[in-house]
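**Q** Top line first, the protein sequences correspond to chains S and P. For the first sequence, my numbering gives the first residue as 1, with consecutive numbering after it. For the second sequence, my numbering gives the first residue as 1001, with consecutive numbering after it. Beta carbons are placed, not taken as given, at the ideal position from N, Cα and C, and that holds for glycine.
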Amino acid sequence: MNLFDKNMSENTIKFQRKLWENPWGYAESFFIGFGLMLTGFFLEVFAGSEHIVTVSYPYNIFILFGYILVLFVLYKKFADKQLIRWLTKVPASISSIVLITILVMFMGIIPQVPSTNNLINNLGLNRITTNWAFLLILFQFLTCLGLISIKRILQFKWSNFGFILNHVGLFLALTAGMLGTGDLQRLSINLYEEKPSWIATDAQNNQLELPFAFYLKDFVIEEYAPKLALIDNSTGSISQNKGNNLYLVEKDETYFFNNFEVTVEDYLPNAIRFGMRYEPVNEIGAPPAAFISVKNIENDSIQKGWISSGSFRYSYESLKINDAYSMVMTIPEAKKFSSDIDILTKEGERISTVLEVNKPFKFRGYKIYQLSYDDKMGKWSNLSVLELVKDPWLPLIYLGIFMMIAGAIYMFWMGNKITKNE
Amino acid sequence: MTWIDFPFYSSITGFLWVLGLIFLVVSYKKQTLIKIAYLLFLLGWAMLITFVVKLWIELDRPPMRTLGETRLWYATFLPLIGFITYIRWKYKWFLAYSILMAAMFLAINYLNPETYSKTLMPALQSPWFIPHVLVYLFSYAVLAASSIVAIKGWYDSYKGNFNIETLKLADNLVYIGFAFLTLGLLFGALWAKEAWGHYWTWDPKEVWAFLTWMGYLIYIHYRHFHNHKTKQALTILALAFVVLLVCWFGVNYLPVANTSVHTYTN
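#1: Taking Cβ-Cβ distances shorter than 9 Å, what residues in chain S pair up with residue 1053 (chain P)?
#2: Can you tell me where the alpha helix (DSSP H) with residue 293 (chain S) in it begins and where it stops?
#3: Note down the Cα distance separating residue 179 (chain S) from residue 54 (chain S), rounded to an integer number of angstroms.
#4: Does DSSP put residue 324 (chain S) in a helix, a strand or coil?
#5: Under three-state DSSP, which class holds residue 219 (chain S)?
#6: Bridge partners for residue 234 (chain S) per DSSP, in chain order?
#7: Locate the beta strand (DSSP E) running through residue 185 (chain S), then write down its first and last residues.
#8: Let me know the secondary structure DSSP gives residue 407 (chain S) once reduced to three states.
#9: Does residue 369 (chain S) come within less than 8 Å of chain P when only Cβ atoms are used?
#10: Assess contact between the region 94 to 114 of chain S and the region 123 to 131 of chain S, defined as three or more Cβ pairs (one per stretch) separated by less than 8 Å. Is contact present?
#11: Just grab the DSSP bridge partners of residue 1027 (chain P) for me.
#12: Quick check on the DSSP output: the alpha helix (DSSP H) that includes residue 1251 (chain P) runs from which residue to which?
#13: Helix, strand or coil: how does DSSP classify residue 997 (chain P) here?
#14: At what residues does the beta strand (DSSP E) containing residue 1164 (chain P) begin and finish?
#15: Count the CB pairs spanning the region 1126 to 1137 of chain P and the region 1073 to 1084 of chain P that are closer than 8 Å, and state whether there are at least three.
#16: So, is residue 1126 (chain P) buried or exposed, given that buried needs 16 or more other C-beta atoms within 10 angstroms?
#17: Should residue 393 (chain S) go down as buried or exposed, given a rule of 16 or more other Cβ atoms within 10 Å for buried?
#18: Could you list which residues in chain P have their beta carbon closer than 7 Å to that of residue 415 (chain S), in chain order?
#19: Comparing the C-beta of residue 1166 (chain P) with each C-beta of chain S, is any distance below 8 Å?
#20: Going along the chain, which residues of its own chain have a beta-carbon closer than 6 Å to the beta-carbon of residue 84 (chain S), five neighbours each way excluded?
#21: Just verifying my parser: in three-state terms, what is the DSSP assignment at residue 209 (chain S)?
#22: Round the Cβ separation of residue 403 (chain S) and residue 1186 (chain P) to the nearest angstrom and send it over; I've been treating them as touching at under 8 Å.
#23: Starting from the Cα of residue 1091 (chain P), find the closest Cα among P:1205, P:1170, P:1191 and P:1006 and give me that residue.
#24: Determine which residues of the region 1210 to 1239 of chain P have a Cβ less than 9 Å from any Cβ of chain S, and write them out in chain order.
#25: Which same chain residues, not among the five before or five after residue 408 (chain S), have their C-beta less than 7 Å away from its C-beta?
#26: Measuring only the C-alpha atoms, how far is residue 251 (chain S) from residue 224 (chain S)?
#27: Can you tell which of P:1256, P:1184, P:1229 and P:1101 has the C-alpha that lies nearest to the C-alpha of residue 401 (chain S)?
#28: Identify which residue in S:136, S:341 and S:333 has its Cα closest to the Cα of residue 217 (chain S).
#29: Thinking C-beta only, is residue 1211 (chain P) closer than 8 Å to residue 108 (chain S)?
#30: Please state if the CB of residue 267 (chain S) and the CB of residue 290 (chain S) are separated by a distance shorter than 8 Å.
#31: What residues from chain S crowd round residue 1194 (chain P), counting only those whose CB sits closer than 7 Å?
#32: Relative to the C-alpha of residue 1197 (chain P), which residue among S:413, S:406, S:387 and S:399 is closest?
#33: What's the gap between the Cα of residue 259 (chain S) and the Cα of residue 296 (chain S)?
#34: Does any CB atom of chain S fall closer than 8 Å to the CB of residue 1256 (chain P)?
#35: Is it right to say residue 1234 (chain P) is buried, meaning 16 or more other beta carbons lie within 10 angstroms of its own, or is it exposed?
#36: Could you tell me the alpha carbon to alpha carbon distance between residue 243 (chain S) and residue 232 (chain S), rounded to whole angstroms?
Written as structure tokens, this is what we have:
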């Protein structure tokens, strides 16, 4: 073949190339991708994915370094091989992104819970994240991502800066996230006021003794005021009030519900009924109550009466305003809940802190979260549930995430410079 | 100084912005008028910021708790993002777009005054709330704009006068929108880690956000390596926008929705 012919054949390569001829393009990429997916579904049907072992320390570290090393050697020594060359090219990346998207789309449509449909169950479409098909495609995706990251790092140019941040960041966040699950510890512990607790429960309901104890000094809930609602007597459901939100009960406020003008004449945050009226008391389980007057705008008739949201101790009270409607008071929602705790160590240390939602506390490799409380008891709950999470791979995942954040900012600023400058 | 003063401040802001938009449109013909548009936008913005600051002082807490307050922040930040994008990329219409969006949020607040008293569950009371929602909203807006550009591209190629510049504009918008989408996704992950101890739970909204991200990822890679296959690129962009719409509105109607922490309906 002379030089002219060679040029010709390169220019028209698309038309002359046969399947599996050099270099592999989209047809081959999707062929391989679908092959992986089918293999995965076969494994799913005949082997099942219940026995996929999550690797833990130190094996996951070995796997991470081993994987990166293998990718490095593949790139350095076997870059001329068809398979490796294909993996560093865009058809391989795009096909794996497309196939992951398709598999995740199953997750976005089919609820990920045990199904009555045998096909869904057998193919594992209701457990995509541990599905062989998903894992195999993800493995191909990560291998592409790893190889091109190595390629761009080795041929470092400043113009590749954003590219490296985005690709290496994603590679790190994904691999560390997956390998880290084996070392992730998630425990919950019940604390009762003025009692020390050190027995936590893991996800499988195993009991575990912690190397330190918690002592709950006080559990505090701040609540929003309850809300006023108009309910339909026949269905017991909230009448829509033209799509407006429910109003918070506040003394001397007047609100409009359909044809009713409702004025809150009195509001008691903690009260109990005595005969004809509610009186403020300072007692466990005393619910909020309000004295309201309801004016029917159509016929000017006025009704007055007490309503109360009720609590675990006292029943609620509504005000029937006509055959169709009643006014009720909703149970107050939590605004903020927090635990005032001491952590007691075996060495005799005593660390005081206040835990609150969105404000976890770091202690000896654990992050301690305010999780919940006894919601039947509401603000009178003596129970506070904490969650302890140990995630030793988090720094690596965060490194990946922050690289991607930097990459995204870079991307915003540079925009699509490449196509723009052509 | 409370929300009672909002109609006063917001109507002045709205008036100045609408006036500014008119000058902006006219400035396509007469370039010097753009300066007056800037001035009007900035004056309106100053008015709004005065209101936010005074409200903050009055409430004695950052006004970031209720839906109405959140919208107030959208209205405050959108012009800023519009200006930064304008300074960097010189898309006049984009500046107009962000100002219009901000004005729309002021209008929604004006029409729904009772939303100010809406309670906010403890997990939502986080410093990540505003940045997470804001960058998402912005990325949705920019990506939606890229689709409008794509429709123009389709129409042009149907008419036989397709110009590659159209697709380059779409590219730029996708890059900007995708960058914000990435930020939204990651801010959400960091927030979730602080609030619940999980950074990613495959919640339905998260699944669809991920799918949207992947959709635009395909577009970006395809465009980057197949610069001349414009028809295919436009098709990918259209499909990605469909996924975006599912993520934005559609999730609530899917069979998986009832397990989501991202549904806002009761």
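**A** With the given structure in hand:
#1: Residues of chain S passing the Cβ test: none, with the nearest at roughly 24 Å.
#2: Premise fails: residue 293 (chain S) lies in the beta strand (DSSP E), 289 to 296, not in any alpha helix (DSSP H).
#3: 8 Å
#4: coil
#5: strand
#6: For residue 234 (chain S), which the question treats as bridged, DSSP gives no partner whatsoever.
#7: 185 to 192
#8: helix
#9: yes
#10: yes
#11: Residue 1027 (chain P) is not bridged to any residue.
#12: Where residue 1251 (chain P) is concerned, there is no enclosing alpha helix (DSSP H), given that its DSSP letter is neither H nor E.
#13: Chain P is shown only over 1001 to 1266; residue 997 (chain P) falls outside these bounds and no answer can be derived.
#14: Per DSSP, residue 1164 (chain P) belongs to no beta strand (DSSP E); it is in the alpha helix (DSSP H), 1164 to 1196.
#15: yes
#16: buried
#17: buried
#18: 1089, 1172, 1175 and 1176
#19: no
#20: 74 and 78
#21: strand
#22: So it is not a contact: roughly 10 Å between Cβ atoms.
#23: P:1170
#24: 1210, 1211, 1214, 1215, 1217, 1218, 1220, 1221, 1222, 1223, 1224, 1225, 1226 and 1227
#25: none
#26: 14 Å
#27: P:1184
#28: S:341
#29: yes
#30: yes
#31: 358 and 360
#32: S:387
#33: 6 Å
#34: yes
#35: buried
#36: Caution applies to residue 243 (chain S), whose pLDDT of 49 falls short of 50 and renders its modelled position unreliable; the value that the coordinates give is listed next. Cα-Cα distance, rounded: 15 Å.
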